[in-house]
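Student: Numbering (our numbering), first residue to last: 3 to 149.
Ideal Cβ placement from N, Cα and C applies to all residues, glycine included.
One structure follows; several queries about it will come next.
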Ligand code: HEC
């Protein structure tokens, strides 16, 4: 190896080392940020499985709901709002009203007392999949037959 090529090799090694160091330091301090246009969305669930969850969790003990083509027509004692018509609300709203003690209520005539929703939360009783399916069931459009 002559002096010239030794010098070139040395320069190369140095350049690689600097580049690697730059890449490392550039990666470290940049915090991740939310991609623009991102929004939380709930995946599509299985309505039939959701109906099973609705029944097993006894949601009908407080909520009336009519399902065309099904023998299931339950009349609650009216503790909670009738859920027919809730299908027009976004999936994410419905999901939130089940997992997070909500400070706002869509149901006319219902309000949250002292910052507490009387329904409570189902986080300890539902799997995430059950929540997703339950929402698919509420989204099926019980009266209108809408999607
Ligand atoms: C102990 C009675 C009770 C049970 C059981 C119950 N809810 Fe509710 N739910 C309520 C009441 C009361 C409200 C009205 C808002 C509030 O005070 O929490 C409500 C509100 C809702 C709302 C609408 C929230 C809004 O913004 O208007 C949805 C959706 C809902 N419940 C779904 C369910 C599902 C699904 C289940 C079963 C997993 C369930 N509820 C079980 C009492 C109940």
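At the level of alpha carbons, what is the spacing between residue 94 and residue 60?
Tutor: Their Cα atoms are separated by approximately 21 Å.
Student: Less than 8 Å separating the beta-carbons of residue 49 and residue 139?
Tutor: Result yes, Cβ atoms of residue 49 and residue 139 sit closer than 8 Å.
Student: Buried or exposed: residue 90, going by 16 or more other Cβ atoms within 10 Å of its Cβ?
Tutor: Exposed is the call here.
Student: Classify residue 150 as buried or exposed, calling it buried when 16 or more other Cβ atoms lie within 10 Å of its own Cβ.
Tutor: Residue coverage of the chain in this structure runs from 3 to 149, which leaves residue 150 outside it and unanswerable.
Student: Which two residues bound the contiguous alpha helix (DSSP H) that contains residue 54?
Tutor: That run of the alpha helix (DSSP H) goes 49–58.
Student: Can you grab the Cα-Cα spacing for the pair residue 125 / residue 111, in whole Å?
Tutor: Rounded to the nearest angstrom, the two C-alpha atoms are 25 Å apart.
Student: On the three-state DSSP scale, how would you describe residue 135?
Tutor: Note: residue 135 maps to helix in three-state DSSP.
Student: Alpha carbon to alpha carbon, how far is residue 64 from residue 57?
Tutor: Going by the C-alpha atoms only, they are around 12 Å apart.
Student: Tell me whether residue 56, by its Cβ, gets closer than 7 Å to a heavy atom of the ligand ZN.
Tutor: With respect to the ligand ZN, the structure offers nothing, as its ligand set consists of the ligand HEC.
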